[in-house]
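*Asks:* Line by line, the protein sequences are chains C and V. When you line the first sequence up against the working numbering, it's residues 2 to 298, in that order. When you line the second sequence up against the working numbering, it's residues 1479 to 1681, in that order. Beta carbons are placed, not taken as given, at the ideal position from N, Cα and C, and that holds for glycine. Values in this document were obtained by computation on a predicted structure and should not be read as measured data. Got a structure here, written out as structure tokens. Questions coming.
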Amino acid sequence: MHGVKRVQYSKEVLEARKQRDQARLKDYLALYEQVFQKRKNKDFSQDAFDSTTNILRMNPELYTIWNYRRNVMTNGIFPASDPSKVNDILSDDLSLTFALLKEHPKVYWIWSHRMWCLEHVPDGPTDDQLKGWKTTNWKKELFVVEKMLDADARNFMAWNYRRYILGNMDPPPPPSAELTYTTKKIEANFSNFSAWHQRSRVLMSLWKEGKLDEKTSKQTEFELVQNAMYTDPDDQSVWIYHAWLIDAGEDTALLRREITSIQELLDEQPDSKCTVYGVACPIQEAHFGEAFGQLGP
Amino acid sequence: MSNTTSSMTLNIPLHVKYIQSLGENKDDLVYHMTSHLRMNAIYWGLNALCVMKQKDALDREEMIDFVMSCWDDEAGAFGAHPAHDAHILSTLSAIQVLTIQDAVDRVDVQRVVKFILSLHQPSGVFAGDPFGEIDTRFSYIAVQALALLGQLDKLNVDKTVSYILRCRNFDGGFGAVIGAESHSAQGTFLISSVLHRLIIHCI
């Protein structure tokens, strides 16, 4: 997890841990043998389902048992349940995986099981509200992923999941809301590269659809970036974003302005390596322009 | 000066001993809790030994037997551990181990190729298994596996490459899926392996 320091444990602590682990190992191997036997027997009962819950709580990285759990649901439990019950079972699994994600936020298998659950929510609750359960679940998911990103704003799996939810919500939230979200995350921490990346995606989409004027919008972005540069000149995220805004470097007035601004920063922070890179980038674009006679004396 | 010199020398025997010990600690909780990574771990350990020119530090026959014991006959590919489901991750590691051990003749190549190609999605990306998790790292795995088996001609190259190119981001890197932020794993795999290998193959 980002920002969590590794701890050195004493011999006594390590010995106590070893004793505890031996007891856990005994329990784990008993559960492992039980669930794999049930799987071998193609057992799709509630009892089989419960044994997958028990072992996955101990080891949520056992991908074969996530597969078995899904097979138990589709072959045993769902065919014997009405849509409301199916929705409840899937909601329970979403709660289970949320609890597991708190301990294991970067386990691919947990995130993909959540997606599977969401994709299997049945139509309902009524014929007039066929999307009712689905809409409720997608809205909850946005809340879940925000919690995950509050805990670790750089968890790329959570950001991927966020994009997955936004892409599936019906109706989708307006892109301006997502732009606001990225602003909030960036202002909380200028080195949140994930948020800068998301911002680049949202902006490119808005520019392409003509919902935002690219030139005016970029002006706002330069102001945001300048604020970030001066706050933390050694953060790479800011300079990478800045280089992207500079783009092909066709706007020579812009290049001159940015070179001047960054040079002022460099004068204040001569030891800042990133600032050296940051000023080199537009200068490089400017020289490229000079070679083709775009820049005057 | 002598301290500096000794600290510049890789302590190969110590590293070999460490790798050997990893397969021996069978009463260790972590050993059992990582069974989902076993096939990968064997490849990583073997590869490290090869880099140190100590390939024989692990028994060849035992290793091949273990790899073959992970064959999932229902799926036609390899799981991470005996009785584990086939997955593209463990399938590549198995092929890599067998290639290094000069034992690829033990593989039912046609079935493995069928498994890998069955995971190729309409969008061009690969899934990891029939449950459908997609990721460009699986695209790398598919290309690498097919290349090692000499079956790259079975791949729809245009479809594979077009998806990868759509994963290119504002910073020049690549993400796991379209829209995902750049990750060094994807960058390493996709540029150095997939795209390069496919260019070579197409020439």
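Just how far apart, CA to CA, sit residue 1495(V) and residue 1532(V)?
*Replies:* For this step, residue 1495(V) is matched to residue 17 along the second sequence. For this step, residue 1532(V) is matched to residue 54 along the second sequence. Looking at the two C-alpha atoms, the distance is approximately 11 angstroms.
*Asks:* I'd like to know whether the C-beta of residue 1655(V) is nearer than 8 angstroms to at least one C-beta of chain C.
*Replies:* As a first step, residue 1655(V) is located in the second sequence; it is residue number 177 there, counting from the start. Taking Cβ atoms only, chain C reaches closer than 8 angstroms to residue 1655(V), which makes this a yes.
*Asks:* Can you grab the Cα-Cα spacing for the pair residue 194(C) / residue 1558(V), in whole Å?
*Replies:* In the first sequence, residue 194(C) corresponds to position 193, counting from 1. In the second sequence, residue 1558(V) corresponds to position 80, counting from 1. Roughly 34 angstroms separates the two Cα atoms.
*Asks:* Taking any Cβ of chain V, which residues in the stretch 21 to 40 of chain C have a Cβ under 7 angstroms from it, in chain order?
*Replies:* So the close ones are 22, 25, 26, 29, 30 and 37.
*Asks:* Could you tell me which of 25(C), 242(C) and 165(C) sits nearest to residue 142(C), measuring between CA atoms?
*Replies:* Taking the first sequence and counting its residues from 1, the one referred to as residue 142(C) is at position 141. Of the candidates 25(C), 242(C) and 165(C), the one whose C-alpha sits nearest the C-alpha of residue 142(C) is 165(C).
*Asks:* Give the DSSP bridge partners of residue 1646(V), in chain order.
*Replies:* Counting from 1 along the second sequence, the entry for residue 1646(V) is found at position 168. Answer by DSSP bridge pairing, in chain order: 1652(V).
*Asks:* Does any residue of chain C bring its CB to less than 8 angstroms from the CB of residue 1563(V)?
*Replies:* Numbered from 1 along the second sequence, position 85 holds the residue referred to as residue 1563(V). At least one chain C Cβ lies under 8 angstroms of residue 1563(V).
*Asks:* To the nearest angstrom, how far is the alpha carbon of residue 70(C) from that of residue 147(C)?
*Replies:* Along the first sequence, read from residue 1 onward, the residue named residue 70(C) stands at position 69. Along the first sequence, read from residue 1 onward, the residue named residue 147(C) stands at position 146. Taking the straight line joining both Cα atoms gives about 27 angstroms.
*Asks:* Report yes or no: is there a C-beta of chain C within less than 8 angstroms of the C-beta of residue 1662(V)?
*Replies:* By one-based count along the second sequence, residue 1662(V) stands at place 184. No - not a single Cβ of chain C is within 8 angstroms of the one on residue 1662(V).
*Asks:* Please name the residue, chosen from 15(C), 180(C), 35(C) and 40(C), that lies closest to residue 221(C) on a Cα-to-Cα basis.
*Replies:* For the purposes of this step, residue 221(C) is identified with residue 220 of the first sequence, where counting begins at 1. It is 180(C).
*Asks:* Once you ignore the five residues that flank residue 121(C) on each side, which residues in its own chain have a CB closer than 7 angstroms to its CB?
*Replies:* In the first sequence, the residue the question calls residue 121(C) occupies position 120. Same-chain partners within the cutoff: 91.
*Asks:* Please report the straight-line C-alpha distance between residue 1658(V) and residue 144(C), rounded to a whole angstrom.
*Replies:* The residue labelled residue 1658(V) in the question sits at position 180 within the second sequence. The residue labelled residue 144(C) in the question sits at position 143 within the first sequence. Between residue 1658(V) and residue 144(C), the C-alpha separation is close to 20 angstroms.
*Asks:* What in chain V is Cβ-close to residue 62(C), meaning under 7 angstroms?
*Replies:* Taking the first residue of the first sequence as position 1, residue 62(C) is located at position 61. The contacting residues are 1514.
*Asks:* So, helix, strand or coil for residue 79(C), using DSSP?
*Replies:* Within the first sequence, residue 79(C) is the residue found at index 78, counting from 1. Residue 79(C): helix per DSSP, three-state reduction.
*Asks:* Quick one, which residues of the stretch 173 to 207 of chain C are near chain V if we go by CB-CB under 8 angstroms, in chain order?
*Replies:* 194, 195, 198, 199, 201, 202 and 205
*Asks:* Ignoring anything shorter than 4 residues, give me the alpha helix (DSSP H) runs that lie fully in the stretch 180 to 243 of chain C, in order along the chain.
*Replies:* As far as the stretch 180 to 243 of chain C is concerned, its whole alpha helix (DSSP H) runs of at least 4 residues are 194 to 209 and 215 to 232.
*Asks:* Using a Cβ-Cβ cutoff of 7 angstroms, what residues of the stretch 154 to 168 of chain C are near chain V? List them in chain order.
*Replies:* So the list reads 157, 160, 161 and 164, given in the order they occur along the chain.
*Asks:* Tell whether a beta-carbon distance below 8 angstroms holds between residue 109(C) and residue 1565(V).
*Replies:* Counting from 1 along the first sequence, the entry for residue 109(C) is found at position 108. Counting from 1 along the second sequence, the entry for residue 1565(V) is found at position 87. Taking 8 angstroms as the Cβ cut-off, residue 109(C) and residue 1565(V) do not qualify as a contacting pair.
*Asks:* In its own chain, which residues sit with a C-beta less than 6 angstroms from the C-beta of residue 196(C), not counting the 5 before and 5 after it?
*Replies:* Numbered from 1 along the first sequence, position 195 holds the residue referred to as residue 196(C). Only 183, 186 and 187 meet the Cβ criterion.
*Asks:* Can you tell me where the alpha helix (DSSP H) holding residue 1560(V) begins and where it ends?
*Replies:* The residue given as residue 1560(V) occupies position 82 in the second sequence. Segment: none, residue 1560(V) is in no alpha helix (DSSP H) and carries neither H nor E.
*Asks:* Which residues, in order along the stretch 92 to 110 of chain C, keep a beta-carbon less than 9 angstroms from a beta-carbon of chain V?
*Replies:* 109 and 110
*Asks:* Here's the rule I'm using: 16 or more other beta-carbon atoms within 10 Å means buried, otherwise exposed. How should residue 57(C) be labelled?
*Replies:* On the first sequence, position 56 is the one that residue 57(C) refers to. Flag for residue 57(C) reads buried.
*Asks:* Inspect the beta-carbon positions of residue 1595(V) and residue 1632(V) and report whether they are closer than 8 angstroms.
*Replies:* Locating residue 1595(V) in the second sequence gives position 117, where the first residue counts as 1. Locating residue 1632(V) in the second sequence gives position 154, where the first residue counts as 1. Closer than 8 angstroms, so yes.
*Asks:* So which residues on chain C does residue 1598(V) lean against when the C-beta distance must stay under 8 angstroms?
*Replies:* For the purposes of this step, residue 1598(V) is taken as the residue at position 120 of the second sequence. Neighbours of residue 1598(V) on chain C: none; closest Cβ ~18 angstroms, over 8 angstroms.
*Asks:* Give the single residue among 1489(V), 1653(V) and 1511(V) whose Cα lies nearest to the Cα of residue 22(C).
*Replies:* On the first sequence, position 21 is the one that residue 22(C) refers to. Of 1489(V), 1653(V) and 1511(V), the residue nearest in Cα terms is 1511(V).
*Asks:* Compute the beta-carbon to beta-carbon distance between residue 1550(V) and residue 1556(V), rounded to the nearest angstrom, for a pair I have assumed lies under 8 angstroms.
*Replies:* Here residue 1550(V) is taken as the residue at index 72 of the second sequence, counted from 1. Here residue 1556(V) is taken as the residue at index 78 of the second sequence, counted from 1. Residue 1550(V) to residue 1556(V), Cβ: 7 angstroms. Contact.
*Asks:* From which residue to which residue does the alpha helix (DSSP H) around residue 1(C) run?
*Replies:* Summary: the structure shown does not reach residue 1(C), with chain C confined to residues 2 through 298, and so no result is reported for it.
*Asks:* Could you give the C-beta distance for residue 1523(V) and residue 1542(V), rounded to a whole number, given that I count them as a contact under 8 angstroms?
*Replies:* For the purposes of this step, residue 1523(V) is taken as residue 45 along the second sequence, with counting starting at 1. For the purposes of this step, residue 1542(V) is taken as residue 64 along the second sequence, with counting starting at 1. Wrong, their Cβ atoms sit about 14 angstroms apart, outside the cutoff.
*Asks:* I want to verify the contact list: residues of chain V whose CB lies under 7 angstroms from the CB of residue 117(C), in sequence order.
*Replies:* What you label residue 117(C) is simply residue 116 of the first sequence in a count that begins at 1. Under the 7 angstroms cutoff, chain V gives 1609.
*Asks:* Take the Cβ of residue 1650(V) as the centre, count every other Cβ of all protein chains shown within 10 Å, and call the residue buried at 16 or more, exposed below.
*Replies:* Translated into the one-based positions of the second sequence, residue 1650(V) becomes position 172. It counts as exposed.
*Asks:* Look up residue 1519(V) in the DSSP assignment and say whether it is helix, strand or coil.
*Replies:* In the second sequence, residue 1519(V) corresponds to position 41, counting from 1. In this structure, residue 1519(V) counts as helix in the three-state DSSP scheme.
*Asks:* What distance in whole Å lies between the Cβ atoms of residue 243(C) and residue 1(C), which are believed to be in contact at a cut-off of 8 angstroms?
*Replies:* As shown, chain C starts at 2 and ends at 298. That puts residue 1(C) outside it, with no answer to give.
*Asks:* Could you spell out the range, first to last residue, of the alpha helix (DSSP H) harbouring residue 24(C)?
*Replies:* If you number the first sequence from 1, residue 24(C) lands on position 23. Here the alpha helix (DSSP H) through residue 24(C) covers 12 to 41.
*Asks:* Flag residue 245(C) as yes if its beta-carbon sits less than 8 angstroms from any beta-carbon of chain V, otherwise no.
*Replies:* Looking up residue 245(C) in the first sequence gives position 244. A Cβ of chain V is located within less than 8 angstroms of the beta carbon of residue 245(C).
*Asks:* Identify each residue in the stretch 1563 to 1593 of chain V for which the Cβ-Cβ distance to at least one residue of chain C is less than 8 angstroms, and report them in chain order.
*Replies:* 1563 and 1565
*Asks:* Assuming the contact rule is C-beta atoms closer than 8 angstroms, residue 1615(V) and residue 1663(V) should be a hit. Round their C-beta distance to whole Å, please.
*Replies:* The sequence position of residue 1615(V) within the second sequence is 137, counting from 1. The sequence position of residue 1663(V) within the second sequence is 185, counting from 1. Confirmed, Cβ separation roughly 6 angstroms.
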